[in-house]
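*Asks:* In this note's numbering, the protein residues as written are 35 to 297. Even glycine gets a Cβ: it sits at the ideal position worked out from N, Cα and C.
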């Protein structure tokens with residue numbers, strides 16, 4: 035019996051529990067208005083919405099699989115890689131989604147990749163998604179201005195987007211600075227507690243350096259941009275389903291909102 039055969043039941047129960055919690059929170063917030071919205075929703079749009087959402091998840095899986103093959107020298111099938119990736123969604127409700135580090139543990143169980151090698155993948159996923167979201171927000175905002183839309187509400191988000199982008203750039207520059215990281219590791223090695231675990235720290239930095247290389251960032255952020263653009267289109271269709279008149283401005287606004295609020 036494989037590892038996933040052993041934990042399949044627990045994963046399914048976690049997913050069901052998560053769905054029940056989210057549904058319960060949604061139902062008890064404003065049951066009357068929610069019921070009215072669902073009753074009036076244009077359900078003919080649902081297949082397209084689900085298809086675009088699935089498109090997002092599939093491309094995000096390809097990004098995950100690309101990252102795994104980039105840092106891990108141990109073979110893994112697409113099936114097992116997919117099971118590890120989608121198992122991580124059982125932890126999306128944890129603070130900051132840190133529970134997605136479960137994927138690093140599962141990957142170790144599947145093909146023996148050290149957690150210190152694979153855990154930076156979770157951070158790189160967040161960063162490449164964040165870069166993609168910022169680009170989508172900029173695109174939506176720019177097109178909104180170009181076509182004469184209203185942009186007052188967008189002003190609130192710009193300081194946040196700029197700060198997040200600066201944080202990403204700072205992390206990338208620090209991790210990619212080999213001399214700086216080597217000095218840091220040498221300094222930390224003076225402490226016995228750290229010295230015993232220095233090989234783990236080196237694995238962490240080597241893996242992070244690979245994941246944040248210009249080529250990896252370009253590929254991952256490109257996949258993130260395309261996948262989340264599909265999610266923006268799904269959000270656009272949801273708004274139409276709720277009764278908003280379809281227009282280019284609505285598409286630009288939904289793109290900006292999803293990009294800016296998901297960073």
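(1) Can you tell me whether residue 92 is buried or exposed? The criterion is at least 16 other CB atoms within 10 Å of its CB, across all chains shown.
(2) Suppose you measure from the CA of residue 276 to the CA of residue 296; what does that come to, to the nearest Å?
(3) Residue 264 and residue 135 look like a contact to me (Cβ under 8 Å); what is the Cβ gap, rounded to whole Å?
(4) Counting Cβ pairs closer than 8 Å, one from the segment 98-114 and one from the segment 241-248, do we hit at least three?
(5) Residue 193: which of 294, 79 and 88 sits nearest, CA to CA?
(6) On a Cα-Cα basis, can you pick out the residue from 214, 229, 166 and 257 that is closest to residue 199?
(7) Using 8 Å as the threshold, is the segment 153-169 in touch with the segment 249-263, meaning 3 or more CB pairs across them?
(8) In the structure shown, what three-state DSSP assignment does residue 191 receive?
(9) Report the CB separation of residue 141 from residue 118 in whole angstroms; it is logged as a contact under 8 Å.
(10) Which whole-angstrom value is the C-beta distance of residue 110 and residue 145, which I expect to be below 8 Å?
(11) From what residue to what residue does the alpha helix (DSSP H) around residue 297 run?
(12) In the DSSP assignment, find the alpha helix (DSSP H) that holds residue 275 and state where it starts and stops.
(13) Going by beta carbon distance, what residues of the same chain come within less than 8 Å of residue 228, once the five residues before and after it are set aside?
(14) Since residue 278 and residue 284 should fall inside the 8 Å C-beta cutoff, what is the C-beta to C-beta distance between them, to a whole number of angstroms?
(15) Assuming residue 82 is part of the alpha helix (DSSP H), what are its boundary residues?
(16) Nearest to residue 77 by alpha carbon, out of 281, 248, 250 and 272?
(17) For residue 16, which of helix, strand or coil comes out of DSSP?
(18) For the alpha helix (DSSP H) holding residue 123, just list the boundary residues, first then last.
(19) According to DSSP, is residue 241 helix, strand or coil?
(20) Apply the 10 Å Cβ neighbour rule to residue 147 and answer buried if 16 or more other Cβ atoms are within range, or exposed otherwise.
(21) Since residue 99 and residue 115 should fall inside the 8 Å C-beta cutoff, what is the C-beta to C-beta distance between them, to a whole number of angstroms?
(22) Applying the criterion that 16 or more other CB atoms from any shown protein chain within 10 Å of the CB defines a buried residue, is residue 255 buried or exposed?
(23) Expressed to the nearest angstrom, what Euclidean distance is found between the alpha-carbon atoms of residue 217 and residue 211?
(24) On the three-state DSSP scale, how would you describe residue 291?
(25) What are the start and end residues of the alpha helix (DSSP H) that includes residue 221?
(26) How long is the line joining the alpha carbons of residue 81 and residue 214, rounded to whole angstroms?
*Replies:* Looking at the coordinates:
(1) Residue 92 sits exposed, since fewer than 16 C-beta atoms from the chains shown fall within 10 Å of its C-beta.
(2) A straight-line Cα-Cα distance of about 21 Å links residue 276 and residue 296.
(3) Not a contact, Cβ separation roughly 26 Å.
(4) With the rule of 3 Cβ pairs closer than 8 Å, the segment 98-114 counts as touching the segment 241-248.
(5) Comparing C-alpha distances from residue 193 to each of 294, 79 and 88 shows the shortest one belongs to 294.
(6) Closest option to residue 199, Cα to Cα, is 166.
(7) Yes, the segment 153-169 touches the segment 249-263.
(8) Three-state DSSP puts residue 191 in coil, outside helix and strand.
(9) Separation of the CB atoms of residue 141 and residue 118 is rounded to 5 Å, and the pair is thereby assigned contact status at 8 Å.
(10) The beta-carbon distance between residue 110 and residue 145, rounded to whole angstroms, is 5 Å. This is short enough to meet the 8 Å contact definition.
(11) Premise fails: residue 297 is in no alpha helix (DSSP H) and is neither H nor E.
(12) From DSSP, the alpha helix (DSSP H) with residue 275 extends over 248-275.
(13) Closer than 8 Å at the Cβ level, and outside the excluded window around residue 228, lie 222 and 235.
(14) Their Cβ separation, rounded to whole angstroms, is 6 Å, which keeps residue 278 and residue 284 in contact under 8 Å.
(15) For residue 82, the uninterrupted alpha helix (DSSP H) run begins and ends at 80-105, by DSSP.
(16) Minimum Cα distance to residue 77 is reached at 272.
(17) Lying outside 35 to 297, the shown extent of the chain, residue 16 is not represented and no answer is given.
(18) Careful: residue 123 lies outside any alpha helix (DSSP H) and carries neither H nor E.
(19) Reduced to three states, the DSSP call for residue 241 is helix.
(20) Buried, because 16 or more other Cβ atoms sit within 10 Å of the Cβ of residue 147.
(21) Residue 99 to residue 115, Cβ: 5 Å. Contact.
(22) In the assembly as shown, residue 255 is a buried residue. Its beta-carbon has 16 or more other beta-carbons within 10 Å.
(23) The straight-line gap from Cα to Cα measures roughly 10 Å.
(24) In the structure shown, the three-state DSSP call for residue 291 is helix.
(25) First-last of the alpha helix (DSSP H) with residue 221: 212-222.
(26) Cα to Cα, residue 81 sits roughly 51 Å from residue 214.
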